[in-house]
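Asker: Following this message is one structure expressed as structure tokens.
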Amino acid sequence: MSKSSKANVGEFLREQRRAAQLSLRQLADKTGVSNPYLSQIERGLRKPSAEVLQQIAKALRLSSEVLYIRAGLLDEPAGDRRVEEAIQTDAALTEQQKRALLEIYLSFRFANGNGVADASPSEEDSVAVAAAAMGQVPAGDDAQIETTTHER
Numbered sequence: 001m002s003k004s005s006k007a008n009v010g011e012f013l014r015e016q017r018r019a020a021q022l023s024l025r026q027l028a029d030k031t032g033v034s035n036p037y038l039s040q041i042e043r044g045l046r047k048p049s050a051e052v053l054q055q056i057a058k059a060l061r062l063s064s065e066v067l068y069i070r071a072g073l074l075d076e077p078a079g080d081r082r083v084e085e086a087i088q089t090d091a092a093l094t095e096q097q098k099r100a101l102l103e104i105y106l107s108f109r110f111a112n113g114n115g116v117a118d119a120s121p122s123e124e125d126s127v128a129v130a131a132a133a134m135g136q137v138p139a140g141d142d143a144q145i146e147t148t149t150h151e152r
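Residues 1 to 152 (the UniProt record's numbering) make up the sequence shown, in order.
Right under this line is the structure:
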């Protein structure tokens with residue numbers, strides 16, 4: 001794997017950690033992975049194992065498959081890559097909205113049998129992510145979503 005590939009997964013993890021409003025120490029506590037090691041991954045200095053990626057995915061409520069693909073552990077079909085790239089590069093969406101859309105997209109793929117079963121977010125998680133992204137949180141639940149209003 002090239003250094004740029006390692007940096008790519010590291011940069012993505014840093015963005016996702018910040019979007020989840022977690023410090024490196026908080027993520028280390030949630031994953032059981034040391035703070036210095038997480039820092040090295042984010043800076044592209046270390047290549048995380050599949051096990052570490054799975055722990056990080058769980059803590060950040062991401063699909064393990066997305067992280068495996070970013071880290072070069074899994075190949076992604078070209079069509080899937082185009083959809084994910086379109087979401088990731090849409091400047092009109094916030095990071096939280098991009099994350100929610102990716103999770104929903106992947107949950108539909110998994111439901112249709114087009115993904116790794118163990119990495120599938122639950123239907124309940126997908127509904128919660130979608131509701132939070134739209135500003136609608138079920139009674140008794142919490143969500144922190146950054147919203148931006150654009151004047152036209």
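Note that the Cβ used here is the ideal one computed from N, Cα and C, for glycine as well.
Computed from a predicted model, the values in this text were never measured in an experiment.
What are the boundary residues of the alpha helix (DSSP H) that Ala92 is part of?
Answerer: Careful: Ala92 lies outside any alpha helix (DSSP H) and carries neither H nor E.
Asker: Quick one: Cα of Ile41 to Cα of Ala111, how far?
Answerer: Looking at the two C-alpha atoms, the distance is approximately 31 Å.
Asker: Determine the closest residue to Val66 out of Arg18, Ser34 and Gln88, with distance taken between C-alpha atoms.
Answerer: Comparing Cα positions, the closest option is Gln88.
Asker: Which full runs of the alpha helix (DSSP H) of 4+ residues lie inside the UniProt domain "HTH cro/C1-type" (13 to 67), going along the chain?
Answerer: Here the runs fully enclosed are 24 to 31, 35 to 42 and 50 to 60.
Asker: Please report the Cβ distance between Arg70 and Val9, rounded to the nearest whole angstrom; I am assuming they are in contact, meaning their Cβ atoms lie under 8 Å.
Answerer: Sure, about 4 Å apart at Cβ, within 8 Å.
Asker: Residue 158 by DSSP, collapsed to three states: which one?
Answerer: This structure cannot speak to residue 158, because the chain is shown only from 1 to 152.
Asker: Check whether the Cβ atoms of Leu38 and Leu60 lie closer than 8 Å to each other.
Answerer: Their beta carbons are not under 8 Å apart, which means Leu38 does not touch Leu60 by this criterion.
Asker: When you compare each of Ala19, Arg82, Arg109 and Leu73 to residue 153 by their alpha carbons, which one comes out closest?
Answerer: Since the first residue of the chain shown is 1 and the last is 152, residue 153 is not available in this structure.
Asker: If you compare alpha carbons, which of Leu74, Arg99, Ala86 and Arg17 is closest to Ser49?
Answerer: The shortest Cα separation from Ser49 among Leu74, Arg99, Ala86 and Arg17 belongs to Leu74.
Asker: DSSP three-state label for Leu73, please.
Answerer: Three-state DSSP puts Leu73 in coil, outside helix and strand.
Asker: Please go through the same chain and pick out, in chain order, the residues whose beta-carbon is closer than 7 Å to the beta-carbon of Glu124, but skip the five residues on each side of it.
Answerer: Its pLDDT being 49, under 50, Glu124 is placed unreliably by the model, and the measurement read from it follows with that caveat. No residues qualify anywhere along the chain.
Asker: Can you tell which of Leu93, Val83, Ala92 and Gln26 has the C-alpha that lies nearest to the C-alpha of Arg109?
Answerer: Nearest C-alpha to Arg109: Val83.
Asker: I'd like to check one pair, Leu106 with Ser64: are the Cβ atoms closer than 8 Å?
Answerer: Not a contact, by the Cβ cut-off of 8 Å.
Asker: Cα separation between Pro121 and Gly44?
Answerer: In this prediction, Pro121 scores a pLDDT of 45, lower than 50, which makes its location untrustworthy; the coordinate-derived value is nonetheless stated afterwards. Going by the C-alpha atoms only, they are around 27 Å apart.
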